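*Asks:* Note that full-length UniProt numbering gives residue 54 to position 54 of the sequence shown, counting from 1, and the numbers run on in steps of one.
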Amino acid sequence: MILSQPDTTKMAKEKSEKKGTRKLSPYNKFMKTELQKVKEKNSSLSHKDAFKLAASNWKTSPDNPINSKEKAK
């Protein structure tokens with residue numbers, strides 16, 4: 001007796017259509033632009049090092065919601 005398998009490609013397509021795109025978090029928006037800026041200024045840096053530098057810039061960025069809360073106090 002051979003059992004038929006469900007069509008997984010159809011199920012995956014239906015699932016992906018329901019998902020849609022998510023709104024980027026403030027961190028992701030910042031990193032997207034900041035990483036480009038860091039790489040332009042320091043083209044000799046590896047991606048890993050540029051990412052570390054961009055992430056450290058996030059700590060003091062006005063785009064960081066934590067920094068916005070501190071200014072409001």
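Note that CB positions come from ideal geometry on N, CA and C, so glycine has one too.
This one's a predicted model, so the numbers in the text were calculated from it and none came from an experiment.
Please tell me whether A54 and M31 are closer than 8 Å, where the distance is taken between their beta carbons.
*Replies:* A contact, by the Cβ cut-off of 8 Å.
*Asks:* When burial is assigned at 16 or more other CB atoms within 10 Å of the CB, is E40 buried or exposed?
*Replies:* E40 comes out exposed.
*Asks:* In angstroms, rounded to a whole number, what distance separates the CA positions of N64 and Y27?
*Replies:* The straight-line gap from Cα to Cα measures roughly 7 Å.
*Asks:* From what residue to what residue does the alpha helix (DSSP H) around N57 run?
*Replies:* Looking at the DSSP string, the run of the alpha helix (DSSP H) that includes N57 is 47-58.
*Asks:* Could you give the distance in angstroms between the alpha-carbon of S61 and the alpha-carbon of S68?
*Replies:* Each residue's alpha carbon lies about 9 Å from the other.
*Asks:* Quick one: give me the first and last residue of the alpha helix (DSSP H) that P26 is part of.
*Replies:* Unbroken alpha helix (DSSP H) run through P26: 26-41.
*Asks:* Look at the alpha carbon of S25 and the alpha carbon of I66, and state the distance between them as a whole number of angstroms.
*Replies:* Taking the straight line from one Cα to the other gives about 13 Å.
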